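In our numbering, the protein residues as written are 599 to 725.
(1) Per DSSP, residue 642 forms a beta bridge with which residues?
(2) So, for residue 704: in the same chain, excluding its five sequence neighbours on each side, which residues have a beta-carbon less than 8 Å away from its beta-carbon?
(3) Could you work out which residue in 601, 685, 674 is closest to residue 653 when comparing CA atoms only?
(4) Within its chain, find whatever has a CB closer than 6 Å to the CB of residue 638; leave out the 5 residues flanking it on each side and keep chain order.
(5) Do you know offhand how far residue 716's Cα is from residue 710's?
(6) To which residues does DSSP link residue 605 through a beta bridge?
(7) Does the distance from the C-beta atom of residue 667 to that of residue 604 stay below 7 Å?
(8) Can you check whether the CB of residue 657 is closer than 7 Å to the CB of residue 620?
(9) So for residue 635, helix, strand or coil by DSSP?
(10) Starting from the Cα of residue 660, find the closest Cα among 646, 680, 635, 648 and give me that residue.
(11) How far does the alpha helix (DSSP H) with residue 684 in it extend, from its first residue to its last?
(12) Apart from the five residues just before and just after residue 662, which ones in its own chain have a Cβ nearer than 8 Å to its Cβ?
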């Protein structure tokens, strides 16, 4: 079991895919890290030897990943809220901050759909 930056990497995956399990490392950064360390992206994680794992660990230290990255992002959002920007107010309200429409879509921010039942309309007609 290979553990990097506090994340257990899946042993049967290719190294290029396994590195993407670390928050802040995507496919392109994974390829860059593997090029710098000289590890083939097609090898499985379980086939890495100790020196290669150490090389990966040392290279990943050069990037903001996992806890540090999450902290940086949350501080940036908090700064927007504190200075009172429009984006900060959207974050505070839990609404989309980048210009997306909210009349439709944005369900994850606005909650579950509430349908108006037909029974309610029929009761109004009787009155």
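Ideal Cβ positions, reconstructed from N, Cα and C, are used throughout, including at glycine.
As the structure is a prediction and not an experimental result, all values here were calculated from the model.
A quick look at the data gives this:
(1) For the purposes of this step, residue 642 is identified with residue 44 of the chain shown, where counting begins at 1. 612.
(2) Residue numbering aside, residue 704 sits at position 106 when the chain shown is read from its first letter. The residues are 693, 694, 698.
(3) Sequence index remark: in the chain shown, residue 653 carries index 55 (1-based). If we check each option's Cα against that of residue 653, 601 comes out closest.
(4) Within the chain shown, numbered from 1, the residue matching residue 638 stands at position 40. Correct list: empty, nothing qualifies.
(5) Walking along the chain shown from the start, residue 716 turns up at place 118. Walking along the chain shown from the start, residue 710 turns up at place 112. So the two alpha carbons sit approximately 19 Å from each other.
(6) Stepping through the chain shown from its first residue, residue 605 is reached at position 7. 602, per the DSSP bridge assignment.
(7) For the purposes of this step, residue 667 is taken as the residue at position 69 of the chain shown. For the purposes of this step, residue 604 is taken as the residue at position 6 of the chain shown. No, the Cβ-Cβ distance between residue 667 and residue 604 is not below 7 Å.
(8) On the chain shown, position 22 is the one that residue 620 refers to. On the chain shown, position 59 is the one that residue 657 refers to. The answer is no: Cβ separation not under 7 Å.
(9) For the purposes of this step, residue 635 is taken as residue 37 along the chain shown, with counting starting at 1. Helix at residue 635.
(10) Taking the first residue of the chain shown as position 1, residue 660 is located at position 62. The shortest C-alpha separation from residue 660 is found at 635.
(11) For the purposes of this step, residue 684 is taken as the residue at position 86 of the chain shown. Start and end: 684-691.
(12) The residue labelled residue 662 in the question sits at position 64 within the chain shown. Contacts found: 622, 670.
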